[in-house]
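Keeping their order, the protein sequence lines are chains U and R.
Note that the working numbering has the first sequence beginning at 122, numbered continuously upward.
Note that the working numbering has the second sequence beginning at -19, numbered continuously upward.
Backbone N, C-alpha and C fix where the C-beta goes; we use that ideal spot for every residue, glycine too.
Below you'll find the structure, written out as structure tokens, and then a few comments.
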Amino acid sequence: KAGVTQTPRYLIKTRGQQVTLSCSPISGHRSVSWYQQTPGQGLQFLFEYFSETQRNKGNFPGRFSGRQFSNSRSEMNVSTLELGDSALYLCASSSSGAYTGELFFGEGSRLTVL
Amino acid sequence: DQQVKQNSPSLSVQEGRISILNCDYTNSMFDYFLWYKKYPAEGPTFLISISSIKDKNEDGRFTVFLNKSAKHLSLHIVPSQPGDSAVYFCAASADDDDMRFGAGTRLTVKP
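This is the structure:
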């Protein structure tokens, strides 16, 4: 069974640009959640999608957005990038939801903003 | 708001000894707790979980203890092995809410 796949793995952007990250969940999983990992802050919840609907949202500004497609693949977009957006962005899938049971994580997309 | 706190950023233990990782939470609505392990350049992987109706869950060398009155949980690894060296994240969730993670504790097991 293929795991969670995130692309791209690494990317470098400059301030003011925008970026789109992609996540393909485990086959059959309908929930995809996104987390930002920065040193000392752990994993900060961004949002969760279930069956194409945003079910939960964390405390991030509106520059962070996401969507989920009918095949459960998800994308997150960050507009008007800031230096502080440099982080590892992790996607996780589950069969039921981010708040129940085990999450399966991808390897992450490491974003560097210059 | 850090609802899940791991106050020790790092822990170093000798191989064969016990590793104890601690986690505190503030939200009394949390009813499900998990530990994840993360190696460099990999995503976190699920390690062990416990629901609020239990105070202990064991899986091989790993045991999680939950003290609801103190809003505290801990992960015990016995005996510790060098391959256990990783960052450990504590996570908690409540019904209809997202999973909250702590900042992580970097465990180093020395041979």
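- Residue-level contact check: S216(U) does not touch chain R, since none of the beta carbons of chain R fall below 8 Å from its beta carbon.
- Residue-level contact by beta carbon holds for G84(R) and chain U, with a gap shorter than 8 Å.
- If you draw a straight line from the Cα of C144(U) to the Cα of K178(U), it is about 17 Å long.
- Residue pairing by DSSP places I133(U) opposite T233(U) in a beta bridge.
- F69(R) and F26(R) have their C-alpha atoms spaced approximately 10 Å apart.
- Relative to the Cα of L142(U), the nearest Cα in the group R136(U), S191(U), L211(U) and S152(U) belongs to L211(U).
- Chain R has a Cβ within less than 8 Å of the Cβ of L211(U).
- Burial is judged here by how many other beta carbons sit within 10 angstroms of a residue's own beta carbon; R184(U) has fewer than 16 and is exposed.
- A check of alpha carbon separations from R(-3)(R) across T85(R), D77(R), D64(R) and S29(R) identifies D64(R) as the nearest.
- The alpha-carbon of A66(R) is positioned some 9 Å away from that of V89(R).
- Put simply, the stretch 143 to 163 of chain U does not touch the stretch 37 to 48 of chain R. Fewer than three CB pairs are less than 8 Å apart.
- A50(R) and S217(U) have their alpha carbons spaced roughly 29 Å apart.
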